[in-house]
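Chains as they are written, first to last, in our numbering: chain A, 4 to 234; chain B, 4 to 234.
There are 2 protein chains.
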Amino acid sequence: MEIQGLPGRLLDELGPTIASGEIPEGAVLRGEDLEERFGVSRTVVREAVRILEGMRMVASRRRVGITVLPKSLWDVFDPMVIRWRLAGADRPAQLRSLGSLRMAVEPAAAALAAVHATNDDRRELSSLAVELTVSAREADLTTFLGHDIAFHALVLRASGNEMFAHLGDTVGAVLTGRTEYHLMPHQPEPYAIRLHREVADAICSGHADEAEQAMRTIVTGALEELNQQLG
Amino acid sequence: MEIQGLPGRLLDELGPTIASGEIPEGAVLRGEDLEERFGVSRTVVREAVRILEGMRMVASRRRVGITVLPKSLWDVFDPMVIRWRLAGADRPAQLRSLGSLRMAVEPAAAALAAVHATNDDRRELSSLAVELTVSAREADLTTFLGHDIAFHALVLRASGNEMFAHLGDTVGAVLTGRTEYHLMPHQPEPYAIRLHREVADAICSGHADEAEQAMRTIVTGALEELNQQLG
DNA sequence: GAAACCAAATCGTCATACTTTTGAGGTGTG
DNA sequence: CACACCTCAAAAGTATGACGATTTGGTTTC
């Protein structure tokens, strides 16, 4: 789900540079400079800037230029912003924020899923829990990561809340990130795996409290590990 | 924080019509039609469409046109999208989603705030709690609403988590919405007011659990009331 | 020193021309 | 009939020149 065309490529350059703080808050860019620097036309620059404006990362003002807005105004829930920040110097802060968010949302989502999940959801969840166990035992980190992402995304989706469901990709990005940057044990912990199965079982049998509790234990563990790794 | 200029006005027309489902998922618009319909130039239409594309509400493809994407792909955390949905036919669903989200986030934020709030935060929180009590007793709904919004926003901000902080505006929109649409009692309930003071006191004295619990009671009450009103 | 004024800088909008992609329909061949 | 291929046109994508609007900062004037 990328922005297409030249504006997209411009965004892929500008976004990360701004997100990483390389172009600091308050800096002012000129449209014409961007045209030259990237060898594209006004049209392209303007459209890219409009998108950044849509995520409130910049504001364009006459006679002034394109100002980089303070981070506190950015749409920190925008998937692109999250990706950019995860990829750059802001990664630790972003991971911490997302950790707290998961802490709040995922247990609640698990509880809701125990009530609202469809039969298909429950079936899929069970089988995912099994596959997760297998790929964890066989120590295939990439496959495991895929299953882990799918598992958490499914719980969020099965909660029946569209906003929770949308955090699936975000959580996926976190899990990918912490694997890529080696912020997790080289082998998934058996205890964590067991908890995933517990979540699945609780949701399948409609036990909201159990599901919530088990999920809370999972994300608490992840958050603690993260804090330990980041100091 | 609005998008400026003609593209902004175009968005204010297009966004709500799409958000309300008046232009349904899968519908195809032509750039040229939009130019004529709104009497603006290509440039303006393209920039507006780019922004909608940025929130994943539409996708523009050559030789096809501008297609409205399924709701499940929209950036449901984008403040504009939330506003548009709250204003239109999607209001009940949007309120419900936001209710669950508050349920998950606000208690967690209160707990974090008890640990991370600055001294200024704590002072401001105390005085807000007092003002809230006063304006509730004097039954000035508008003033009360303002204080209520400020209170919840402050707790979210004081949590020290940028993502929570950003939900302040969203929660504000919910509170405004339910007042505007008369989805709440004509007089704030004394019990709810007392809970707000409890939250403030707990945060000020660093009692995370109490703060979390009291906040949970507040949002639970709000959610139940909402469900009752919406059937 | 303050108020009014002017000029330059920069974005905002429009009109237009050209390019690129791609879907649809037609054509031919096996 | 089925399939591959070709051609064409529709639509968005990009580039560019011209002009308008607005804001800032300095300059003049009193």
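In this text, a Cβ means the ideal position worked out from N, Cα and C, and glycines have one as well.
Exercise for the section: Using 10 angstroms around the beta-carbon of GLU25/B, count the other beta-carbons present and answer buried if the total reaches 16, otherwise exposed. Expected result: Label assigned to GLU25/B: exposed.
Handout entry: CA nearest to the CA of LEU128/A, picked from SER103/A, ARG160/A and ALA139/A
Key = Comparing alpha carbon positions, the residue from SER103/A, ARG160/A and ALA139/A closest to LEU128/A is ARG160/A.
Practice task
Please go through the same chain and pick out, in chain order, the residues whose beta-carbon is closer than 7 Å to the beta-carbon of ALA195/B, but skip the five residues on each side of it.
Solution key: Exclusion of the five residues before and after ALA195/B leaves ILE221 and GLY224 as the residues of its chain whose Cβ lies within less than 7 Å of its Cβ.
Practice task
Measure the Cβ-Cβ separation of PRO82/A and THR173/A and say whether it is below 8 Å.
Solution key: For PRO82/A and THR173/A, yes; Cβs fall inside 8 Å.
Exercise for the section: Pull out every residue of the region 56-74 of chain B whose Cβ sits closer than 9 Å to any Cβ of chain A, in chain order. Expected result: Listed by position along the chain: GLU56, GLY57, MET58, ARG59, ALA62, SER63, ARG64 and LYS74.
Exercise for the section: Compute the Euclidean distance between the alpha carbons of MET218/B and THR136/B, then round it to the nearest angstrom. Expected result: About 16 Å.
Handout entry: 8 Å Cβ shell around PRO27/B - same chain, five flanking residues per side excluded
Key = Around PRO27/B: VAL71.
Practice task
Say whether chain B places a C-beta atom closer than 8 Å to the C-beta of SER44/A.
Solution key: Taking a beta-carbon distance threshold of 8 Å, SER44/A does not count as an interface residue toward chain B.
Handout entry: Whether LEU14/A touches GLY68/A by CB criterion (8 Å)
Key = LEU14/A places its beta carbon 8 Å or farther from that of GLY68/A.
Problem - Nearest candidate by alpha-carbon position, reference LEU76/B, set MET60/B, ALA90/B, ARG88/B and ILE85/B - result: It is MET60/B.
Exercise for the section: Please work out which residues of its chain come closer than 6 Å, Cβ to Cβ, to ILE152/A, disregarding the five sequence neighbours upstream and downstream, and give them in chain order. Expected result: Taken in chain order, the residues that qualify are GLY175 and LEU178.
Handout entry: Cβ contact check for the region 34-53 of chain B and the region 91-100 of chain B: 3 or more pairs under 8 Å
Key = The answer is no - the region 91-100 of chain B does not touch the region 34-53 of chain B, with fewer than three Cβ pairs under 8 Å.
Practice task
State the Cα-Cα distance for the pair VAL133/A and ALA168/A, rounded to the nearest angstrom.
Solution key: Taking the straight line from one Cα to the other gives about 22 Å.
Problem - Check: LEU170/A C-beta below 7 Å from any heavy atom of the ligand ZN - result: You won't find the ligand ZN in this model; it holds no ligand whatsoever.
Exercise for the section: To the nearest angstrom, report how far apart LEU144/B and ARG125/A are at their CA atoms. Expected result: Between LEU144/B and ARG125/A, the C-alpha separation is close to 45 Å.
Handout entry: Rounded straight-line distance, which links the Cα of LEU104/B to that of GLU289/A
Key = What is shown of chain A runs 4 to 234, which leaves residue 289/A out entirely.
Handout entry: Contacts around PRO73/B, its chain only, beta-carbon distance under 7 Å, and the 5 residues preceding and following it disregarded
Key = Taken in chain order, the residues that qualify are GLU28.
Exercise for the section: Kindly indicate the opening and closing residues of the beta strand (DSSP E) around ARG66/B. Expected result: Run containing ARG66/B: none; DSSP gives neither H nor E here.
Handout entry: Bridge partner(s) assigned by DSSP for ALA217/B
Key = ALA217/B is not bridged by DSSP to any residue.
Handout entry: Sequence-distant residues of its chain with Cβ nearer than 8 Å to ALA111/B (five each side left out)
Key = Excluding sequence neighbours, ALA111/B sits near SER162, PHE167 and GLU215.
Exercise for the section: Using a threshold of 8 Å, state whether the C-beta atoms of ALA107/B and ILE206/B are closer than that. Expected result: Not in contact: ALA107/B and ILE206/B (Cβ atoms no closer than 8 Å).
Exercise for the section: Just tell me which of HIS155/B, HIS185/B and SER23/B has its CA closest to the CA of GLY171/B. Expected result: Check the Cα spacing between GLY171/B and each of HIS155/B, HIS185/B and SER23/B: the tightest is with HIS155/B.
Handout entry: Between the CA atoms of PHE147/A and VAL158/A - distance to the nearest angstrom
Key = Straight-line Cα distance between these residues: approximately 17 Å.
Handout entry: Cutoff 8 Å: ALA253/A Cβ touching any chain B Cβ
Key = The question about residue 253/A has no answer here: the residues shown for chain A are numbered 4 through 234.
Exercise for the section: Determine the chain A residues that contact ALA107/B at a beta-carbon separation under 7 Å, and present them in chain order. Expected result: Residues of chain A passing the Cβ test: ALA107, VAL108 and ALA111.
Handout entry: DSSP bridge partner residues for LEU32/A (one or two, in chain order)
Key = Note: LEU32/A sits in a beta bridge opposite ILE69/A.
Practice task
Could you pull out every unbroken alpha helix (DSSP H) segment of at least 4 residues lying fully inside the region 126-203 of chain A, listed in chain order?
Solution key: Runs of the alpha helix (DSSP H) inside the region 126-203 of chain A: 144-161 and 165-183.
Practice task
Compare the C-beta of ASP172/B with all C-beta atoms of chain A and state if any pair is closer than 8 Å.
Solution key: No, its Cβ sits nowhere closer than 8 Å to a Cβ of chain A.
Problem - Beta-bridge pairing of ALA62/B - partner residues as DSSP gives them - result: Paired residue(s): THR70/B.
Problem - Rounded C-alpha distance that separates VAL43/B from GLU35/A - result: Cα to Cα, VAL43/B sits roughly 24 Å from GLU35/A.
Practice task
Anything in chain A within Cβ reach of GLU50/B, meaning under 7 Å, just list it in chain order.
Solution key: By Cβ distance, chain A contributes ARG49, GLU50 and ARG53.
Practice task
Starting from HIS242/A, find everything on chain B with Cβ-Cβ shorter than 9 Å and list it in chain order.
Solution key: In the structure as shown, chain A starts at 4 and stops at 234, and residue 242/A therefore has no counterpart that could be examined.
Problem - Collapsed DSSP secondary structure at ASP81/A in the structure displayed - result: Three-state DSSP puts ASP81/A in coil, outside helix and strand.
Practice task
Name the two residues that bound the continuous alpha helix (DSSP H) containing GLY113/B.
Solution key: A quick correction: the sequence has Ala, not Gly, at residue 113/B. Run containing ALA113/B: 94-119, per the alpha helix (DSSP H) assignment.
Practice task
Pull up the CB-CB distance for GLY180/A and LEU98/A, whole angstroms please, since I reckon it's below 8 Å.
Solution key: Taking 8 Å as the upper bound for CB-CB distance, GLY180/A and LEU98/A are in contact here, some 7 Å apart.
Problem - Beta-carbon contacts of ASP78/B that lie in its chain and below 7 Å, excluding the five residues immediately before and after - result: The residues are MET58, ARG59 and VAL84.
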